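Asker:
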Amino acid sequence: MQPPQPGPASTAGSISAVLFDRDGVLAYFDTAAASEYFRPLLPISIFALASRWQNAGFEFGFPRSIAEEKSFFELFWRRIADEFALGPEQHTLLAEIEYTQFIVAYPEVEATLAALRQQGLRLGVLSNFSLASLDQSLISVGIGHYFDVVCAAPVIGVSKPAAQAYHIALQALQVEPEQCLFFDDELDCVEGAQRVGLKAYLVDRAAPATELRRRIVKDLQCVPALASAQ
8 MQPPQPGPAS TAGSISAVLF DRDGVLAYFD TAAASEYFRP LLPISIFALA SRWQNAGFEF
68 GFPRSIAEEK SFFELFWRRI ADEFALGPEQ HTLLAEIEYT QFIVAYPEVE ATLAALRQQG
128 LRLGVLSNFS LASLDQSLIS VGIGHYFDVV CAAPVIGVSK PAAQAYHIAL QALQVEPEQC
188 LFFDDELDCV EGAQRVGLKA YLVDRAAPAT ELRRRIVKDL QCVPALASAQ
């Protein structure tokens, strides 16, 4: 993984907002817990199920609203039940699943967000997550109340690293690009943010250490100090 290129030096006290990706940055999907849950219900792995999920999204389009999301889930689980000739009880158990139960926040995230709030910063999430219920997933892990703005790609109609995605989030946050820090675990999304003018950092949780000079952070513990130093 190549690090993002350092951007221009900033003026002290210029940061008004912080924008985060969700997956790999704020939270992760607990694959082990999901696998354990689905094992008695389905004859396929969680990864095979995810592949079918993606195919359904490409075929029918990912939901752009909560109402569409409900219909999408109903259609998806009916398709799975038909494919594997599942009985009514298995189908009902699948249809009642809340995927948010498998979303887990990283240990340092809540303390980081609380500190940023204490600094008076506006906070947002910009994610390519394929469902409309991005905000609900954040609420489910206890951090939703920290955010002023939550932007999911299917809802806003554009995905990172397209420039418009960042501009939509910035407009919602009511800040200019140079007033906003951005954190993502995908290099192309970090570079897309830099092209727009955000002060963007790559989150690499497998890195041995944070390297601010290279715009790489191992986790989010340094973000409050980084924001106050800009």
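Quick note on numbering: our numbering labels position 145 of the sequence shown as 152, and the sequence is numbered without any gaps.
Each residue gets a CB set at the ideal place from its N, CA and C atoms; glycine is no exception.
In this text, all values refer to a predicted model and were calculated from it rather than measured experimentally.
1) The beta strand (DSSP E) with residue 64 in it runs from where to where?
2) Find out if the Cβ-Cβ distance for the pair residue 52, residue 42 is shorter than 8 Å.
3) Any idea what DSSP makes of residue 8, helix, strand or coil?
4) Contact between the region 216 to 233 and the region 173 to 190: three or more CB pairs below 8 Å?
5) Report the three-state DSSP secondary structure of residue 110 (helix, strand or coil).
6) DSSP three-state call for residue 105: helix, strand or coil?
7) Which of the three DSSP states, helix, strand or coil, is assigned to residue 41?
8) Apart from the five residues just before and just after residue 100, which ones in its own chain have a Cβ nearer than 8 Å to its Cβ?
9) Could you tell me if residue 16 is buried or exposed, where buried requires 16 or more neighbouring beta carbons within 10 angstroms of its beta carbon?
10) Which partner residues of residue 206 appear in the DSSP bridge assignment?
11) So who's on the other strand from residue 129, going by DSSP bridges?
12) Between 112, 180 and 85, which has its C-alpha nearest residue 35's C-alpha?
Answerer: Reading from the atomic positions:
1) By one-based count along the sequence shown, residue 64 stands at place 57. From DSSP, residue 64 is part of no beta strand (DSSP E) but of the alpha helix (DSSP H) over 53 to 67.
2) If you number the sequence shown from 1, residue 52 lands on position 45. If you number the sequence shown from 1, residue 42 lands on position 35. The answer is yes: Cβ separation under 8 Å.
3) For the purposes of this step, residue 8 is taken as the residue at position 1 of the sequence shown. Since pLDDT at residue 8 reaches only 46, below the 50 mark, its modelled position is unreliable, and no value is offered.
4) yes
5) Within the sequence shown, the letter at position 103 stands for residue 110. Looking at residue 110 - three-state DSSP - the assignment turns out to be strand.
6) Numbered from 1 along the sequence shown, position 98 holds the residue referred to as residue 105. Coil.
7) If you number the sequence shown from 1, residue 41 lands on position 34. Here residue 41 sits in helix by DSSP.
8) Residue numbering aside, residue 100 sits at position 93 when the sequence shown is read from its first letter. Here the set comprises 48.
9) As a working mapping, residue 16 is identified with position 9 in the sequence shown. Low confidence applies here, because residue 16 scores a pLDDT of 35, under 50, leaving its location unreliable and the question unanswered by this model.
10) Along the sequence shown, one-based indexing puts residue 206 at 199. The partner list for residue 206 (beta bridge, DSSP) reads 188.
11) As a working note, residue 129 is residue 122 in the sequence shown. DSSP lists 24 as partners of residue 129.
12) Numbered from 1 along the sequence shown, position 28 holds the residue referred to as residue 35. Looking at the Cα atoms, 112 is the closest of the given residues.
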